[in-house]
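In our numbering, the protein residues as written are 46 to 555.
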């Protein structure tokens, strides 16, 4: 294998890379990992915040950030305040605080900072299509990072992993390769080619190969408080170590404190179990996930959800049913004329989710939970249990919240409440129990339900009461502790921890 740095780093993290006939290799746990335990934490090879003028295409979360072109901190990716410090040398890198400036300089910016390159990269980015500008910035940034003369320990490991990433260049469609070639040409014209050798062809050719590597090995930093993509990440060691699963046993977060990519166990991982991450959003239909994995990552998934024989696989088959154009039975087009109703299957799933989230042995009970969910929805119509139904309820939740905030009738609160609980039930069917998006939706449903009860002085629907709100909040606490979601919000909104504390105070004083 040549350079053994990746294997040595994996071993220090309690992981072992083994050969796999179907996947090429897989990474298994060399020891037991407890629920919520950190598996590894490492600085990405390169990362940068999203820009409003550039399409958010790194990673797949179904979200797009809405920000000004220079509105995010280069270190933590948080929204910049009205007044903010910037690098005194390149004058093109902004930070939300002097603390982030100092930390970013110490970790990486001291070998990335050149005023000429920053101006040249900005000029070059204007010459390519907006959706490909993040790729141009990534190519320039990775090259500058790899050309560093003094490499810290994490950069040595990331560089070794970078050289081993498969580019799948021959599998990329011609139109993508043409865009990559244009990026290489404008970078060459701008004189931004450092880090790419001529050993195996031209520097432009090396950049095209690098872009192919990034295109099928990228990550997105996601702010769970603001529900938005905040940055693009290239972390070759994480890409190399962890294969994909639509029902993973691990997840990652971008730590805003130290700029590291942190991988956590979503549940107990036994010694010998493969450790997996999700490359695509689990709330997409199986057909959409499979197409994305084939078109972008160049493999076919045969995970628990995709193969169809397990309870999760059977639930996924139900969700994947065609229900185009059909509204769920309990979702009318005129909210004012109907009282919201929560189906028994949704009540059952949400109630058991809250109970299981705080269980001391959730892995032991998870199979029963999967079977109970399957039993609850197996006889439901596609219009009520499908990804199409999920999208309808999500739109209803967001529409009602938007109208209430704009001063529309408060009678919409119960509809927002019921919609949020349906969304949570769908999340439970698609995501692992302690996935951070399940936790944030638990909190969203708890807040909406509590507000609905306070406004109307009555329960929004049968089975929805104050005790459910408390169980949702406690489930949120447990889930977010496990997934270690970043506490601070990039948008200046109240932190998740603070929201939980305030809601619990209100419940106890009521």
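Yeah, the Cβ is synthetic: ideal placement off N, Cα and C, and Gly gets one too.
| Run through DSSP, which three-state label would residue 463 get? | helix
| query | Using 8 Å as the threshold, is the segment 424–442 in touch with the segment 367–386, meaning 3 or more CB pairs across them? | reply | yes
| Assuming residue 541 contacts residue 525 under a Cβ cut-off of 8 Å, what Cβ separation, rounded to an integer in Å, is found between them? | 6 Å
| said: My parser needs the beta strand (DSSP E) runs of 3 or more residues fully inside the segment 232–310; what are they? | reply: 263–268, 273–279, 295–299, 306–310
| query | Is the segment 379–391 touching the segment 446–465 in the sense that three or more CB pairs, one from each, lie closer than 8 Å? | reply | yes
| task | Following the continuous alpha helix (DSSP H) through residue 494, name the residue where it begins and the one where it ends. | result | 481–501
| request: Could you name the residues of the same chain whose beta carbon sits closer than 6 Å to that of residue 393, not counting the 5 residues immediately before and after it, in chain order? | output: 421
| Residue range of the beta strand (DSSP E) that includes residue 85 | 83–87
| field | Close Cβ partners of residue 512 (< 7 Å) along its chain, the five nearest in sequence each way excluded | value | none
| query | Would DSSP call residue 70 helix, strand or coil? | reply | strand
| field | Whole-angstrom distance between residue 275 and residue 558, CA atom to CA atom | value | Missing from the structure shown is residue 558; the chain here goes from 46 to 555 and no further.
| query | So, helix, strand or coil for residue 202, using DSSP? | reply | helix
| said: With a threshold of 8 Å, are at least 3 pairs of Cβ atoms found where one atom belongs to the segment 317–334 and the other to the segment 286–303? | reply: yes
| Since residue 514 and residue 552 are thought to touch, with beta carbons under 8 Å apart, how far apart are those beta carbons, to the nearest angstrom? | 6 Å
| query | How about residue 285 and residue 345: are their beta carbons less than 8 Å apart? | reply | no
| What whole-angstrom Cβ distance do residue 239 and residue 189 have, given they're in contact under 8 Å? | 6 Å
| From this set, 447, 91, 55, which residue's C-alpha is nearest residue 299's C-alpha? | 91
| What is the DSSP secondary structure of residue 193, counted as helix, strand or coil? | coil
| Where residue 344 sits in the DSSP three-state scheme | coil
| request: Take residue 259 and list the residues in its own chain whose beta-carbon comes closer than 6 Å to its own, dropping the five residues that flank it on each side. | output: 183, 279
| DSSP puts residue 63 in a beta bridge; with which residues? | 71
| query | Helix, strand or coil for residue 93 per DSSP? | reply | strand
| request: With a 10 Å radius around its C-beta and 16 neighbouring C-beta atoms as the bar for buried, classify residue 119 as buried or exposed. | output: buried
| message | Which of the three DSSP states is assigned to residue 374 in this structure? | response | coil
| said: Is it buried or exposed, residue 495, if we count other Cβ atoms within 10 angstroms and call 16 or more buried? | reply: buried
| message | For residue 493, tell me which candidate among 427, 350, 472, 517 has the shortest Cα-Cα distance. | response | 517
| message | Can you find the residues in the same chain that come closer than 6 Å, C-beta to C-beta, to residue 444, ignoring five residues on each side of it along the sequence? | response | none
| request: Go through its chain and collect everything with a Cβ distance to residue 50's Cβ below 7 Å, but skip five positions before and after it. | output: 201, 202, 205
| message | Suppose you measure from the CA of residue 341 to the CA of residue 222; what does that come to, to the nearest Å? | response | 13 Å
| query | Roughly how many whole angstroms lie between the Cα atoms of residue 439 and residue 487? | reply | 14 Å
| message | When you compare the CB positions of residue 490 and residue 483, do they come within less than 8 Å of one another, or not? | response | no
| Going by DSSP, what residues sit across from residue 471 in a beta bridge? | In the DSSP output, where bridge partners are listed per residue, residue 471 has none listed.
| request: Enumerate in chain order the residues of its own chain whose CB-to-CB distance from residue 378 is below 8 Å, with the five nearest sequence positions on each side excluded. | output: 372
| request: For residue 453, count neighbouring C-beta atoms within 10 Å of its own C-beta (all shown protein chains included) and say buried if the count is 16 or more, exposed if not. | output: exposed
| query | Given residue 86, which residues of its chain have a CB within under 6 Å of its CB, disregarding the five upstream and five downstream residues? | reply | 305, 307
| Within 8 Å, strictly: CB atoms of residue 261 and residue 220 | no
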